[in-house]
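In what follows, a structure is listed as structure tokens, so that the remarks can point back to it.
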Ligand code: FPP
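In the working numbering, the protein residues as written are 40 to 289.
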């Protein structure tokens, strides 16, 4: 929300804009973490999967409403068949171990990505987690799997074009209307994007949704990303001056 005074735009940030409602994390560094310990890369993914539970609980306790984690990108299919197969079995391990606890905690599971292209059993487990938790009102825990943001935007554009063709919507739409065609349609934009393991890239993650996100790049690999590190990131977020392109007027 903004108002004009002396030609400067004064931002009146709502409580929601100041609050860190939606945190997205690029969980990087599992492979290097495992190699540094003389273990196969897959050992890092296993510890990484368990860390999803730890960080989900920490996020919920910090008052974060949406936690969106990048588990597998549309580009990750280029990895070795063994590694891809291993990652595709992780949802079964993960939800088998933690789903009951997540239900008890009131978490709602969501998936972002083209699930139809996943192995049938992987898709079944993910669909089941979403279905079982769809009425929950606690933390929204989203897993991006076979997800790529450019693909998401192309799919949204296709669906929008189809609606125009069918006469359901006009050509002059708002950003918000276009966003309703994205996989995150009923979620707020990302407030804070974190990438672990020291890499300084976005890697085709939530490109639309991070338009005004604050960014944190931390040196810790994902298996070493603790609740304390998350807390530190959220504290950093609290110190940022979010202006959404406007000018802060004192
Ligand atoms: C990136 O590290 C990590 C991945 C591609 C896989 C992430 C998956 C998980 C943490 C588990 C997913 C959990 C669920 C619930 C499905 P990397 O392998 O690219 O690490 P590197 O950069 O050191 O090679």
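Idealized CB from N, CA, C, for every residue including glycine.
Candidates the options: closest to residue i by CA position
{"i": "residue 183", "options": "149, 175, 204", "result": "149"}
{"i": "residue 251", "options": "77, 179, 242, 227", "result": "227"}
{"i": "residue 270", "options": "280, 217, 257", "result": "257"}
{"i": "residue 235", "options": "190, 71, 223", "result": "71"}
{"i": "residue 118", "options": "190, 139, 100, 81", "result": "81"}
{"i": "residue 147", "options": "176, 136, 153", "result": "176"}
{"i": "residue 122", "options": "230, 163, 83", "result": "83"}
{"i": "residue 225", "options": "216, 233, 231, 232", "result": "216"}
{"i": "residue 267", "options": "141, 98, 205", "result": "98"}
{"i": "residue 276", "options": "75, 101, 78, 91", "result": "101"}
{"i": "residue 14", "options": "127, 151, 73", "result": "Residue 14 falls outside the range modelled here, since the chain spans only 40 to 289, and no answer is possible."}
{"i": "residue 63", "options": "242, 279, 280", "result": "242"}
{"i": "residue 280", "options": "237, 190, 260, 230", "result": "230"}
{"i": "residue 265", "options": "74, 85, 91", "result": "91"}
{"i": "residue 174", "options": "128, 141, 163, 223", "result": "141"}
{"i": "residue 144", "options": "218, 96, 85, 67", "result": "96"}
{"i": "residue 195", "options": "205, 220, 178, 187", "result": "220"}
{"i": "residue 69", "options": "79, 191, 261", "result": "261"}
{"i": "residue 278", "options": "255, 128, 284, 165", "result": "255"}
{"i": "residue 66", "options": "232, 206, 76, 136", "result": "232"}
Cα-Cα separation between residue i and residue j, rounded to whole angstroms
{"i": "residue 87", "j": "residue 130", "result": "12 Å"}
{"i": "residue 263", "j": "residue 248", "result": "26 Å"}
{"i": "residue 116", "j": "residue 125", "result": "12 Å"}
{"i": "residue 201", "j": "residue 246", "result": "23 Å"}
{"i": "residue 171", "j": "residue 104", "result": "19 Å"}
{"i": "residue 113", "j": "residue 185", "result": "5 Å"}
{"i": "residue 138", "j": "residue 282", "result": "39 Å"}
{"i": "residue 36", "j": "residue 273", "result": "No information on residue 36 is available, as it lies outside the stretch 40 to 289 that the chain covers here."}
{"i": "residue 244", "j": "residue 193", "result": "14 Å"}
{"i": "residue 240", "j": "residue 109", "result": "13 Å"}
{"i": "residue 161", "j": "residue 93", "result": "22 Å"}
{"i": "residue 157", "j": "residue 120", "result": "14 Å"}
{"i": "residue 198", "j": "residue 213", "result": "15 Å"}
{"i": "residue 107", "j": "residue 154", "result": "16 Å"}
{"i": "residue 284", "j": "residue 178", "result": "29 Å"}
{"i": "residue 210", "j": "residue 187", "result": "26 Å"}
Residue i CB to nearest heavy atom of the ligand FPP below 7 Å
{"i": "residue 129", "result": "yes"}
{"i": "residue 63", "result": "no"}
{"i": "residue 67", "result": "yes"}
{"i": "residue 71", "result": "yes"}
{"i": "residue 233", "result": "no"}
{"i": "residue 91", "result": "yes"}
{"i": "residue 80", "result": "yes"}
{"i": "residue 133", "result": "yes"}
{"i": "residue 339", "result": "Missing from the structure shown is residue 339; the chain here goes from 40 to 289 and no further."}
{"i": "residue 111", "result": "yes"}
{"i": "residue 115", "result": "yes"}
{"i": "residue 182", "result": "yes"}
{"i": "residue 87", "result": "yes"}
{"i": "residue 94", "result": "no"}
{"i": "residue 247", "result": "no"}
key: Those runs of the alpha helix (DSSP H) which lie wholly inside the segment 101-186 and span at least 4 residues   = 120-144, 159-171
query = Which runs of the beta strand (DSSP E) spanning at least 3 residues fall entirely within the segment 216-282, listed in chain order?
reply = 231-234, 253-256
message = Ignoring anything shorter than 3 residues, give me the beta strand (DSSP E) runs that lie fully in the segment 57-99, in order along the chain.
response = 61-65
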